[in-house]
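Novice:
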Amino acid sequence: MTQTTSLYPLPTVFGAHTGKNLPRGWSFLDTPGHGYLFPSAEANERVPSSLRESNYEEDVAFVIPIIFNSELFTKETVEACLASFKNWMWSDYERLFGVELQRGESTIKDREVFDLRDNVGKYLVTAAFGDWAFDVPSGCVYVEAVPIKPLMNEAALRAQPRETFLISSEAYRGRHNSILEPGELTAYKRDETYYTWDEYPGKRYKQTCFNHDANV
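Residue numbering for the sequence shown follows this note's numbering, beginning at 84 and increasing consecutively.
1) Can you tell which of V130, G222, R245 and L249 has its C-alpha closest to the C-alpha of D175?
2) I231 lies in the alpha helix (DSSP H); which residues open and close that run?
3) Which first and last residues belong to the alpha helix (DSSP H) in which W179 is found?
4) Where does Y283 sit, in a helix, a strand or coil, going by DSSP?
5) Can you give the Cα-Cα distance for H117 and P230, rounded to whole angstroms?
6) Pick out the complete beta strand (DSSP E) segments inside the segment 154-228, 3 residues or longer, and give them in chain order.
7) Where does P233 land, buried or exposed, given buried means 16+ other C-beta within 10 angstroms?
8) Exposed or buried, what is A228 when buried is set at 16 or more other beta-carbons lying within 10 Å of its beta-carbon?
9) Could you name the residues of the same chain whose beta carbon sits closer than 7 Å to that of Q243, not counting the 5 residues immediately before and after it, in chain order?
10) Quick one: residues in its chain with C-beta nearer than 8 Å to the C-beta of R273, no 5 flanking neighbours on either side, listed in chain order?
11) Decide if C292 is buried, meaning its Cβ has at least 16 other Cβ atoms within 10 Å, or exposed.
12) Are there 16 or more other CB atoms within 10 angstroms of the CB of D281, so buried, or fewer, so exposed?
13) Let me know the secondary structure DSSP gives A126 once reduced to three states.
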């Protein structure tokens with residue numbers, strides 16, 4: 084009789100089931116910061132070599148051995164794992180299942196491919212600091228960003244030299260998926276002597292966004 088195991092969804096990935104509801108020969112290592120799923124050696128051989136590891140972290144990768152040993156798990160578990168795999172590891176999903184995902188089928192592909200194609204000439208945010216950071220005016224966000232160019236994926240874009248800007252906090256909150264319009268940005272280089280205003284020994288400027296020199 085085929086053993087079926089339900090692992091997903093749970094309040095946490097494995098939750099109180101860390102040592103339970105696992106197929107024979109499988110184990111789960113819980114650590115203070117993270118957890119790892121260890122399939123049996125036989126089950127791991129069924130995982131495609133391009134994805135095979137000795138263990139699989141609990142956030143995303145744990146779905147891999149489950150998908151390729153689907154007969155050991157409930158239908159609900161496998162469907163949930165497939166949905167996660169499609170979303171987070173979309174290029175592997177396309178390659179292994181011979182499909183091309185369209186917009187709306189994977190939020191990560193939407194961000195890494197479709198959003199970039201649709202927003203050439205705008206900026207992709209790579210880092211942001213609120214006005215808690217030193218030398219960031221009140222009501223502003225300091226952003227490091229790269230210009231989106233044609234035919235570049237997210238990894239290639241992030242490898243470009245970063246440009247730095249100020250944007251109003253209100254405009255930043257209304258951004259779409261870390262994509263910013265050039266007209267919203269004002270070129271600005273933050274003084275990096277201190278990280279936060281709390282570390283600065285002098286008086287804090289009575290700064291407001293785009294009015295940087297009004298002293299207390």
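No residue lacks a Cβ here, since even glycine has one placed at the ideal position from N, Cα and C.
Specialist: Put simply:
1) V130
2) Looking at the DSSP string, I231 is not in any alpha helix (DSSP H), and its letter there is neither H nor E.
3) Sequence inspection shows Leu at residue 179; the Trp mentioned does not correspond to that position. Counting along the chain, the alpha helix (DSSP H) containing L179 begins and ends at W173 to F180.
4) coil
5) 35 Å
6) 206-212
7) exposed
8) buried
9) V229
10) F212, A216, F217, D218, V219, Y225 and T247
11) buried
12) exposed
13) helix
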